[in-house]
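Okay, structure first, notes after.
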Amino acid sequence: NLCPLDSKKVVKYAFLLVKHMKEKHAMLVNIKDVYSLLRNKTKLLTNETELYKCPECPSIKETFQLLKFHIFSYHSSKDFSCSLCKKVFTAKTQLLRHVQTVHDNIRNYQCPICGHSFADVTNFNVHLNIHTGEKKYMCDVCGKSFSQSSSLREHRFSHLDDRYMCSHCGKYYSSPKILKRHLTIYHTKITEYPCEICGKGFRNKQLLKNHLSVHNPARPFPCEFCNASFKLRKHLVQHRRRHKKDCDALNNS
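Okay, so the sequence shown: first residue is 2 according to our numbering, each after it adds one.
Dropping the structure here:
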């Protein structure tokens, strides 16, 4: 059972999660409400299909159940320590793979082309694609192809970042049709709270407050990996993804 406000908090029983929400977050909710909070927090719409974005990393899952399993496996506070070298992992599967590969040197999957061996079938299949060049997962937005479905899912999220963004609230959409529907529902009469600096109007005080940070020279959201800093948190989140892509490129090189 995952806390929707703190993805690293995992408790064994549902009633303990309700107790945690009351004591730590001052929220009186039942377990159904808790899962609704997490579902709504992570849900994305891409081409009118529901996907679920991990609140801790760029990973995207097709179902809410897969997202919960991912968070529990990779972002929960429970650690799995190797008894041989004391290295710590966030998932039991990672620990088992580490022991097999590093300490037992078990590599049951051998490439028939170059002879390279692997401890798990996932890395073995990824390696085979280097030889075959097969990329059967194609993006329906830009046509780019990928060898893995997980790579395609992460790539699709990049279109939500740089395409149809609402200029009023900063939300991203995958098509002009969905963006237009959003504008019609939420931003048809935005004149109630105008910005005194540039005249732009907003439907509530919070949106106006968020907008005013554009005119403020302060950058209160620094990146922990480099010297960059940002006015808005969402821009920091976008910037962090570049660091992740650089790390992934180094790991795959």
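Glycine is no exception: its CB is placed at the ideal position from the N, C-alpha and C atoms. For clarity, every value in this text was computed on a predicted model and none was experimentally measured.
6 Å CB neighbourhood of residue i in its chain, flanking five on each side removed
{"i": "residue 111", "result": "118"}
{"i": "residue 46", "result": "The predicted model places residue 46 with a pLDDT of 49, which falls under 50 and marks its position as unreliable; any figure quoted below should be read in that light. For residue 46, where only same-chain residues beyond five positions count, there are no Cβ hits under 6 Å."}
{"i": "residue 124", "result": "none"}
{"i": "residue 139", "result": "146"}
{"i": "residue 113", "result": "none"}
Candidates the options: closest to residue i by CA position
{"i": "residue 82", "options": "96, 69, 70 and 233", "result": "96"}
{"i": "residue 154", "options": "58, 63, 24 and 246", "result": "63"}
{"i": "residue 221", "options": "100, 245, 234 and 84", "result": "234"}
{"i": "residue 136", "options": "71, 121 and 152", "result": "152"}
{"i": "residue 143", "options": "219, 157, 116 and 178", "result": "157"}
{"i": "residue 215", "options": "236, 225 and 229", "result": "236"}
{"i": "residue 85", "options": "104, 172 and 240", "result": "104"}
Same chain, Cβ closer than 8 Å to residue i, neighbours up to 5 away in sequence not counted
{"i": "residue 213", "result": "196 and 198"}
{"i": "residue 219", "result": "232"}
{"i": "residue 243", "result": "none"}
{"i": "residue 98", "result": "120 and 121"}
Own chain, CB closer than 7 Å to residue i, minus 5 neighbours either side, in chain order
{"i": "residue 68", "result": "43, 53, 55 and 62"}
{"i": "residue 245", "result": "59"}
Presumed contact (8 Å Cβ cut-off) between residue i and residue j, rounded CB distance
{"i": "residue 148", "j": "residue 130", "result": "4 Å"}
Practice item. Could you name each continuous alpha helix (DSSP H) segment of 4 residues or more that falls completely within the segment 198 to 224, going from the start of the chain to the end? Key: Listed in chain order, the alpha helix (DSSP H) elements of length 4 or more contained wholly in the segment 198 to 224 are 206 to 213.
Exercise for review: Any chance you could list the alpha helix (DSSP H) runs of at least 4 consecutive residues sitting entirely within the segment 84 to 136, in chain order?
Suggested key: As far as the segment 84 to 136 is concerned, its whole alpha helix (DSSP H) runs of at least 4 residues are 93 to 99 and 122 to 133.
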